[in-house]
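A.B. asks: Mapped onto my numbering, the consecutive letters of the sequence shown carry residue numbers 12 to 101.
This is the structure I have questions about; it appears just below.
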Amino acid sequence: QRFKDLGVDVFIGEASFLDQSTIKVDQHQLDFKKAVIATGARAAVPEIEGLEATGFLTNETIFSLTELPPRLAILGAGPIGCELAQTFAR
Numbered sequence: 012q013r014f015k016d017l018g019v020d021v022f023i024g025e026a027s028f029l030d031q032s033t034i035k036v037d038q039h040q041l042d043f044k045k046a047v048i049a050t051g052a053r054a055a056v057p058e059i060e061g062l063e064a065t066g067f068l069t070n071e072t073i074f075s076l077t078e079l080p081p082r083l084a085i086l087g088a089g090p091i092g093c094e095l096a097q098t099f100a101r
């Protein structure tokens with residue numbers, strides 16, 4: 012909604028480029044001068060035996076904690092993992 016309020020046309024769906032200035036989003040064919048591709052992302056949960064039983068958290072669920080855990084391990088050294096490590100270190 013934020014981008015729509017700024018006058019940006021937002022199309023959500025499956026997209027493919029037809030050429031360098033035309034894209035098809037579902038049944039809509041759109042011509043453009045400039046396009047932003049925002050694919051979104053979700054945390055990848057590794058296949059670690061026993062992980063499901065631990066009550067693990069992701070970057071989307073960790074901020075629902077109401078108190079700090081006595082111990083915390085962060086898996087992942089990408090930007091999100093580093094941000095979370097820095098947040099909980101402070």
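Backbone N, C-alpha and C define an ideal beta-carbon position, used for all residues, glycine too.
On the three-pair Cβ rule with 8 Å, is the segment 72-85 touching the segment 33-52?
C.D. replies: No: the two stretches stay apart, fewer than three of their Cβ pairs being nearer than 8 Å.
A.B. asks: Would ASP37 pass as a contact of ALA54 if the rule is Cβ separation under 9 Å?
C.D. replies: It is not a contact, given that the beta carbons lie outside the stated cut-off.
A.B. asks: Spatial neighbours of LEU83 within its chain, please: C-beta separation below 8 Å, excluding the five flanking residues on both sides.
C.D. replies: Cβ within range, chain order: PHE99.
A.B. asks: Would LEU41 and ASP16 be called neighbours here (beta carbons separated by less than 9 Å)?
C.D. replies: Not in contact: LEU41 and ASP16 (Cβ atoms no closer than 9 Å).
A.B. asks: THR65 and VAL56 - do their beta-carbons sit closer together than 9 Å?
C.D. replies: It is not a contact, given that the beta carbons lie outside the stated cut-off.
A.B. asks: Suppose you measure from the CA of LEU86 to the CA of THR50; what does that come to, to the nearest Å?
C.D. replies: Looking at the two C-alpha atoms, the distance is approximately 23 Å.
A.B. asks: Pull up the DSSP beta-bridge partners for LYS35, would you.
C.D. replies: DSSP, once it has assigned bridges, lists SER27 and GLN40 as partnering LYS35.
A.B. asks: Distance check for GLU58 and PHE67, CA to CA, integer angstroms please.
C.D. replies: Roughly 12 Å separates the two Cα atoms.
A.B. asks: What residue does the alpha helix (DSSP H) around GLN97 start on, and which one ends it?
C.D. replies: Here the alpha helix (DSSP H) through GLN97 covers 90-100.
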